[in-house]
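Report on the following structure.
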Amino acid sequence: MADLKDFAEQLVNLTVKEVNELADILKEEYGIEPAAAAVAVAAGGAGGGEAEAAEEKSEFDVILTAAGGSKLAVVKLVKELTGLGLKDAKDIVDSAPKAVKEGIAKDEAEGIKKSLEEAGAEVELK
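For the sequence shown, the working numbering begins at 4 and goes up steadily by one.
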């Protein structure tokens, strides 16, 4: 049991480079292809700046860059998406580029972007 605990401690303390080498050894010598998520989790235990760089961004900002040809439809959609009043929604659209929503999940951000683009707006995610 102590051996397994020592082994677990060694795994947790691996550097990103060592985790990548381990993944290559498992794949080439044993035919085991570790999932990318498992490698990222193991790398996260290293606690170095390298592990943070490998993390995927989890919060996004939806930025309205231009209202496009159908400004009224975009204003209505911004009002609906944000829960703001009509004047506040219009102010966001008029002051583009402007954030419509900030710090949201990727799926939600992509959905909002798609809706705004369908209404004729130009949108980007940051």
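Ideal Cβ placement from N, Cα and C applies to all residues, glycine included.
Less than 7 Å between the beta carbons of V77 and I95, yes or no? No; because the gap between Cβ atoms is not below 7 Å, this pair is not in contact.
Going by Cα to Cα distance, which pick from A108, L67, V103 is closest to V126? By alpha-carbon distance to V126, the top candidate from A108, L67, V103 is L67.
Mapping the DSSP letters down to three states, classify A26 as helix, strand or coil. Residue state, collapsed to three classes: helix.
What is the DSSP secondary structure of I95, reduced to helix, strand or coil? DSSP places I95 in helix when its eight states are reduced to three.
Measuring CB to CB, does G71 end up less than 7 Å from G123? Their beta carbons are under 7 Å apart, which means G71 touches G123 by this criterion.
Relative to the C-alpha of F63, which candidate in F10, L75, E105 has its C-alpha closest? That would be E105, whose Cα lies nearest to the Cα of F63.
For F10, list the residues DSSP reports as bridge partners. Residue pairing by DSSP places F10 in no beta bridge whatsoever.
Counted within 10 angstroms of its Cβ, other Cβ atoms place K20 as buried (16 or more) or exposed: K20 is exposed by the Cβ-count criterion.
Could you tell me the alpha carbon to alpha carbon distance between V89 and V15, rounded to whole angstroms? A small correction: the amino acid at residue 89 is Leu; Val does not occupy that position in the sequence shown. When rounded, the distance between both Cα atoms is 52 Å.
How big is the Cα-Cα spacing for I35 and K109? When rounded, the distance between both Cα atoms is 31 Å.
Could you give the DSSP three-state label for G114: helix, strand or coil? If DSSP states are grouped into helix, strand and coil, G114 belongs with the helices.
Looking only at its chain, what residues have a beta carbon closer than 7 Å to the beta carbon of S73, apart from the 5 residues adjacent to it on each side? Residues A122, G123 of the same chain have their beta carbon placed closer than 7 Å to that of S73, with the five preceding and five following residues left out of the count.
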